[in-house]
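Asks: Just dropping this structure here.
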Amino acid sequence: MSEPEQMTALSFEDALRELESIVHRLERGDVALDESIALYARGEALRAQCQKRLADAEARIQKLTVANGVPTGAEPFGAD
């Protein structure tokens, strides 16, 4: 399985957990330059994957907004 395929196979929670781990490692500053660059690239790919998953989830939630079985369009959370 290629790296992009492995990344899309990760759950949102696993991808976020790995991203947080990468951020902590980079913030500590004890990683060699080449490894830092590789970690940064992996982190950026994970960030994009998480952002896409969130956008997809938001779109699905908007489609689920219905009244009396008829779609009424998207409503923001807490718009009671």
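Residues 582 to 661 (the numbering used here) make up the sequence shown, in order. Beta carbons are placed, not taken as given, at the ideal position from N, Cα and C, and that holds for glycine. None of the values given here were measured: they were computed from a predicted structure.
Can V612 and L620 be called in contact, C-beta distance under 8 Å?
Replies: Contact flag set, yes.
Asks: Assuming A596 and C631 form a contact by the criterion Cβ under 8 Å, report the distance between their Cβ atoms to the nearest whole angstrom.
Replies: Confirmed, about 5 Å.
Asks: Can you give the beta carbon distance from I642 to R623, rounded, assuming they're within the 8 Å contact cut?
Replies: No, I642 and R623 are not in contact; Cβ-Cβ is about 29 Å, not under 8 Å.
Asks: Going by DSSP in three states, L591 sits in which element: helix, strand or coil?
Replies: In the structure shown, L591 sits in coil (DSSP, three-state: anything other than H, G, I, E or B).
Asks: Return the Cβ separation of A626 and M588 in integer angstroms, given the expectation that the two are a contact with Cβ distance under 8 Å.
Replies: The Cβ separation is near 6 Å, so the contact holds.
Asks: Can you give me the start and stop residues for the alpha helix (DSSP H) that D611 sits inside?
Replies: It is not in any alpha helix (DSSP H) - D611 carries neither H nor E in the DSSP assignment.
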